[in-house]
Amino acid sequence: MTDVVVVESPAKAKTINKYLGDGYTVLASFGHVRDLPAKDGSVRPEEDFAMDWSSEERGERQVREIVQALKAGGSKRLYLATDPDREGEAISWHVRQMLEGRKALKGIEVHRITFNEITKRAIQHAIEHPRDLDIPLIDAYLARRALDYLVGFTLSPVLWRKLPGSRSAGRVQSVALRLITDREAEIEVFKPREYWTIEAAFRTPAGAPFTARLTHLEGKRLDQFDLADEAAAARAKGLVEGGSFTVSAVEKKRTRRNPPPPFTTSTLQQESSRKLGFGAQATMRLAQQLYEGVDIGGETVGLITYMRTDGVQMSREAIGEIRDHVKEAFGEPYLPAAPREYATKAKNAQEAHEAVRPTDVRRTPQDVARYLNPEQRRLYDLVWKRAVASQMQSAEMDQTAVDIDDAAGRARLRATGQVIAFDGYLKLYREDIDDPRQAADDENRTLPPIAQGEEPRRDSVTSTQHFTQPPPRYSEASLVKKMEELGIGRPSTYASILQTLQDREYVRIDQRRFIPEDRGRLVTAFLVSFFERYVDTNFTAALEEKLDDISGGRADWRAVMHEFWDQFRQAVDATKDLKISDVIDALDEDLGPHFFPAREGGTDPRACPTCVNEHRLGGRLGLRLGRTGAFIGCSNYPECRYTRPLVVPSADGEDAGNEGPRALGTDPATGQEVSLRRGPYGLYAQLGEPGTDEKGKLTKPRRASLPRGMDPETLTIDRALALLNMPRVVGLHPETGEEITANLGRFGPYLKMGALSQSVQADDDILSLGMNRAMELLANAKPRGIVLGNHPKDAAPVEVKRGRFGPYAQHGNTVASLPRGVQMEDFTLDQAVALLAEKGKPLPPKKGPGGKKAPARKAAAKPAAEAAPAPAKAAPKPAAKKAPAKKAPAKKPAAKKVPAKAAPKAKAAAKGQG
Numbered sequence: 001m002t003d004v005v006v007v008e009s010p011a012k013a014k015t016i017n018k019y020l021g022d023g024y025t026v027l028a029s030f031g032h033v034r035d036l037p038a039k040d041g042s043v044r045p046e047e048d049f050a051m052d053w054s055s056e057e058r059g060e061r062q063v064r065e066i067v068q069a070l071k072a073g074g075s076k077r078l079y080l081a082t083d084p085d086r087e088g089e090a091i092s093w094h095v096r097q098m099l100e101g102r103k104a105l106k107g108i109e110v111h112r113i114t115f116n117e118i119t120k121r122a123i124q125h126a127i128e129h130p131r132d133l134d135i136p137l138i139d140a141y142l143a144r145r146a147l148d149y150l151v152g153f154t155l156s157p158v159l160w161r162k163l164p165g166s167r168s169a170g171r172v173q174s175v176a177l178r179l180i181t182d183r184e185a186e187i188e189v190f191k192p193r194e195y196w197t198i199e200a201a202f203r204t205p206a207g208a209p210f211t212a213r214l215t216h217l218e219g220k221r222l223d224q225f226d227l228a229d230e231a232a233a234a235r236a237k238g239l240v241e242g243g244s245f246t247v248s249a250v251e252k253k254r255t256r257r258n259p260p261p262p263f264t265t266s267t268l269q270q271e272s273s274r275k276l277g278f279g280a281q282a283t284m285r286l287a288q289q290l291y292e293g294v295d296i297g298g299e300t301v302g303l304i305t306y307m308r309t310d311g312v313q314m315s316r317e318a319i320g321e322i323r324d325h326v327k328e329a330f331g332e333p334y335l336p337a338a339p340r341e342y343a344t345k346a347k348n349a350q351e352a353h354e355a356v357r358p359t360d361v362r363r364t365p366q367d368v369a370r371y372l373n374p375e376q377r378r379l380y381d382l383v384w385k386r387a388v389a390s391q392m393q394s395a396e397m398d399q400t401a402v403d404i405d406d407a408a409g410r411a412r413l414r415a416t417g418q419v420i421a422f423d424g425y426l427k428l429y430r431e432d433i434d435d436p437r438q439a440a441d442d443e444n445r446t447l448p449p450i451a452q453g454e455e456p457r458r459d460s461v462t463s464t465q466h467f468t469q470p471p472p473r474y475s476e477a478s479l480v481k482k483m484e485e486l487g488i489g490r491p492s493t494y495a496s497i498l499q500t501l502q503d504r505e506y507v508r509i510d511q512r513r514f515i516p517e518d519r520g521r522l523v524t525a526f527l528v529s530f531f532e533r534y535v536d537t538n539f540t541a542a543l544e545e546k547l548d549d550i551s552g553g554r555a556d557w558r559a560v561m562h563e564f565w566d567q568f569r570q571a572v573d574a575t576k577d578l579k580i581s582d583v584i585d586a587l588d589e590d591l592g593p594h595f596f597p598a599r600e601g602g603t604d605p606r607a608c609p610t611c612v613n614e615h616r617l618g619g620r621l622g623l624r625l626g627r628t629g630a631f632i633g634c635s636n637y638p639e640c641r642y643t644r645p646l647v648v649p650s651a652d653g654e655d656a657g658n659e660g661p662r663a664l665g666t667d668p669a670t671g672q673e674v675s676l677r678r679g680p681y682g683l684y685a686q687l688g689e690p691g692t693d694e695k696g697k698l699t700k701p702r703r704a705s706l707p708r709g710m711d712p713e714t715l716t717i718d719r720a721l722a723l724l725n726m727p728r729v730v731g732l733h734p735e736t737g738e739e740i741t742a743n744l745g746r747f748g749p750y751l752k753m754g755a756l757s758q759s760v761q762a763d764d765d766i767l768s769l770g771m772n773r774a775m776e777l778l779a780n781a782k783p784r785g786i787v788l789g790n791h792p793k794d795a796a797p798v799e800v801k802r803g804r805f806g807p808y809a810q811h812g813n814t815v816a817s818l819p820r821g822v823q824m825e826d827f828t829l830d831q832a833v834a835l836l837a838e839k840g841k842p843l844p845p846k847k848g849p850g851g852k853k854a855p856a857r858k859a860a861a862k863p864a865a866e867a868a869p870a871p872a873k874a875a876p877k878p879a880a881k882k883a884p885a886k887k888a889p890a891k892k893p894a895a896k897k898v899p900a901k902a903a904p905k906a907k908a909a910a911k912g913q914g
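Just so you know, we're using UniProt numbering here: the sequence shown kicks off at 1 and counts up by one.
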């Protein structure tokens, strides 16, 4: 008989299995086994926030394995040992719910166990001290999940309708995005202010040099801007040069600097970013590996405690071991008389877990270095040193300040110095800061021996011009610190928040600093204009406090949800009658200073260059919205068709980063010009210009987007033509004879061979990728479809295919989803025929590139089409027009809906231009 233990990851399962022995079977859930389906209606506020949960194939498989293990081992106990946090509690709850639904827990005791470190001692202690599931913590999870789902599925459609091309960044992500965009706005409006400083070089009577700065002038203490220009600085410099100086005061004092506490999730991410250059996601991934364990001498050992925590306390046992190590390694002077106790200062902190620390301080970074990769080694070194330093003696500094007065009383200068009298914890660890400009002077800046009453000799006097600096952009470290201070998000969410903003291209990172993209600024401006409360830091922090009250059992989660939802629903309903023109006006006013900054020459930054050149009156540039998103357009549309992407013009009025089409050469086959252009979705190559066909209809030129990583500066005519002529044949498979092709798709370059397709990695060149590499990539590809055989009625092929919502069977235009948990590779022809006969449905009509039912109306989208290239294709063939012709007769009701849906969008596009 064996009991079953469920953990989250297979790596953890393997380690814990070794610790527990043969009496236990340890299985992994691979994270969450089920979730809310990504469709509207999964959370129903009108039914007291009832939720529908569904599990994918992986989750079903893991639960089946748990059921089988319980039966095979004759288990009497099930231990749910997922991570010791809210998400871990939720995963345990989901596993139990799914097992109860399968009636697999009859006669089985279910226990919840947690451990802060993966060591034999901690695992055995957890088994001996089980508990029940923490219902308040689960309620807090349900509330957060429902909140994020409802905000996403309610707010995103509003953004799609009112701000084409955009979608919600998420409940907490939107607030983080606002912090970034607000900081950028501060930088843009910042006006540097000039000021000067005066320094004099002196020598003591013994000849030792030192430097002093002017602090008082004519009996008045100098403020930062008192010397505001060169003339004032020159006058002050002259007074110092003409003075005779005496040391009027020498002040010495000793200060203590205490060590920082051991790491929390937040401070670990901050310091890892500053010291190691690791992003938040990379830091958490490496910390997870160190927590779950590495192979050391044939044994898997967890090196650090659980890395998702906002507590700074450590167990007394760990403190005792660290103090013993400090005494042994550094000596008695480096050990404080009593252990150091720390308390979290962060807003809304929940000290449920220990700080991040080494599981055994005796495993020094030097001892385990050979078992770790370079990144793991650097992070473990950081965690180990921080934890040990937190229990070391304070550093002591001797600070000296010397005042030097002019005999006439017109000027006073001050020289300062600092010497480390006792290094204490600084012997092991020094903490970095977020902004290097805030750095103090060097810790060891010595002053020579000098006494009051001495008359130092002045050598030279220098005046230095300075300008105030704008606030720095947020780094990952400073943004995490700010969110923690404001009480926004939780330690486990910071990494995913920052990654989501980058994945949706709302921000980018340049020199380790966040810069908002224009689409991010648009979304923020929209939310601030129409949903200001829900991107307010105070409101979000207050909501976090309510969620914490739920997890502490002090509030009912449904009551909190009703309070939020009733007000949020009203705010969303208030936007139903909002016109696109209202949105444009609000955003244009808010973002006008950004897109149309003042010019040095005093000319109107909104003046349309085309209208100015053609002497047309009234042409003013402003924000416009089309079907593909926002752009800058002229108020004289349609007479003036000037447009530009959302870029900020340079000081001379030209569009920065938008040099216009760049000719690459002529296509020898057609004689048409090939050019490189920029659209809202990036750079693309274009063959020819728009024209008309024999019937007078507008024809689009052939276009192909540049793949990520392709340098536009080095793009040649040959490479551009190769892109425009995609797909290309790479070769024939030597065994099957199937053709392998390379092409550009919606999600980037990919390879295709029969039913197999595989994305190409970023460092592969889709234009020159050869057969060996293609076969290597396709070796890991899964088929999109498998032909099972011919249908007995008409001999037409019956296939199983992978779809967006799971595998399905298809026969002609009839499809049917495979039963949940069934692998498409295991499905037979007979099963498919029976399934299609019982549950077969007509194949839904195909959709166009924008997700709209074909045929799409193109007339209203001409200006947007000029600004944005279509997805890369080999060429616009007639085949693209056949789909609507085939579907229109079969789907008459759907065809009637097209004009009704398209009309408002066409109207919106027209308003976007005029």
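Ideal Cβ placement from N, Cα and C applies to all residues, glycine included. Remember, predicted model here, so these are calculated numbers, not experimental data.
Next item on the list: Could you check if Phe595 is buried or exposed, using at least 16 other CB atoms within 10 Å of its CB as the buried criterion?
Entry: buried
Checklist line | Nearest candidate by alpha-carbon position, reference Ala122, set Thr15, Lys39, His94, Gln62 | finding: Thr15
Check: Counting along the chain, where does the beta strand (DSSP E) carrying Asn790 start and finish?
Finding: Looking at the DSSP string, the run of the beta strand (DSSP E) that includes Asn790 is 785-790.
Check: Can you name the start and end residues of the alpha helix (DSSP H) that His562 belongs to?
Finding: 557-573
Next item on the list: Whole angstroms is fine: what's the gap from Tyr637's alpha carbon to Leu621's?
Entry: 10 Å
Next item on the list: Give me whichever residues DSSP pairs with Asp35 in a beta bridge.
Entry: Ser54
Check: Based on the DSSP secondary-structure assignment, which residues constitute the bridge partners of Phe49?
Finding: According to DSSP, Phe49 bridges with nothing at all.
Next item on the list: Flag this pair as yes or no: are the beta carbons of Gly553 and Pro136 separated by less than 8 Å?
Entry: yes
Notebook entry, point to check: Where do the N-terminal and C-terminal ends of the beta strand (DSSP E) with Ser463 fall, by residue?
Noted result: Its beta strand (DSSP E) spans residues 457-467.
Notebook entry, point to check: Would you report the Cα separation of Ala13 and Ala28, rounded to the nearest angstrom?
Noted result: 6 Å
Notebook entry, point to check: If you follow the alpha helix (DSSP H) that Phe330 is part of, which residue opens it and which one closes it?
Noted result: 316-330
Notebook entry, point to check: Cα separation between Ala90 and Arg145?
Noted result: 10 Å
Margin query: With distance defined between alpha-carbon atoms, name the residue in Ala206, Gly74, Ala389, Ala200 nearest to Pro262.
Written below: Ala389
Check: What number of angstroms, rounded off, separates the C-alpha of Gly409 from the C-alpha of Phe422?
Finding: Answer to the nearest angstrom: the Cα atoms are 38 Å apart.
Next item on the list: Sort out for me which residues DSSP pairs Thr741 with in a bridge.
Entry: Val729, Lys752
Check: Hey, would you say Val815 sits closer than 8 Å to Gly840, going by beta carbons?
Finding: yes
Check: If you draw a straight line from the C-alpha of Val528 to the C-alpha of Gln376, how long is it?
Finding: 41 Å
Checklist line | Residues bridged to Thr197 [DSSP beta-bridge criterion] | finding: Paired residue(s): Thr464.
Notebook entry, point to check: What are the uninterrupted segments assigned as beta strand (DSSP E) that are 3 or more residues long and contained completely in the region 188-243, given in chain order?
Noted result: 194-203, 209-217
Checklist line | Three-state secondary structure (DSSP) of Phe530 | finding: helix
Notebook entry, point to check: For Glu776, does the three-state DSSP call read helix, strand or coil?
Noted result: helix
Notebook entry, point to check: Which same chain residues, not among the five before or five after Ala796, have their C-beta less than 7 Å away from its C-beta?
Noted result: Asn790, His811, Gly812
Next item on the list: With a threshold of 16 other CB atoms inside 10 Å of the CB of Pro701, please say whether the residue is buried or exposed.
Entry: buried
Margin query: By alpha-carbon positions, which one of Glu194, Pro205, Glu218 ends up nearest to Asp229?
Written below: Glu194
Checklist line | Whether Ala395 touches Arg257 by CB criterion (8 Å) | finding: yes
Item checked: Proximal residues to Val158 (C-beta, below 7 Å), its chain only, five neighbours per side dropped -> Val572, Thr575
Item checked: Distance between beta carbons of Ile515 and Arg521, contact taken as under 8 Å -> So it is not a contact: roughly 10 Å between Cβ atoms.
Notebook entry, point to check: For the alpha helix (DSSP H) that contains residue 929, what are its first and last residues?
Noted result: It is not possible to answer for residue 929, since the shown part of the chain is limited to 1 through 914.
Next item on the list: Can you grab the Cα-Cα spacing for the pair Val760 / Pro749, in whole Å?
Entry: C-alpha separation (whole angstroms): 6 Å.
Margin query: Run through the DSSP bridge pairs and tell me what Lys801 is partnered with.
Written below: Gly785, Tyr808
Notebook entry, point to check: Going along the chain, which residues of its own chain have a beta-carbon closer than 6 Å to the beta-carbon of Pro734, five neighbours each way excluded?
Noted result: When the five nearest sequence neighbours on each side are left out, no beta carbon in the same chain lies closer than 6 Å to the beta carbon of Pro734.
Check: Pick from Arg235, Gly297, Gly311: whose alpha carbon is nearest that of Thr264?
Finding: Gly311
Next item on the list: Mind listing, in chain order, the continuous beta strand (DSSP E) runs of no fewer than 3 residues lying wholly within the region 239-305?
Entry: Listed in chain order, the complete beta strand (DSSP E) runs (minimum 3 residues) inside the region 239-305 are 245-257, 294-296, 299-301.
Notebook entry, point to check: Measuring CA to CA, which of Met483, Glu184, Asp556, Glu713 is closest to Thr540?
Noted result: Met483
Check: What is the rounded straight-line gap between the Cα of Arg285 and the Cα of Val7?
Finding: 17 Å
Next item on the list: Please name the residue, chosen from Asp588, Glu117, Arg254, Thr204, that lies closest to Arg624 on a Cα-to-Cα basis.
Entry: Asp588
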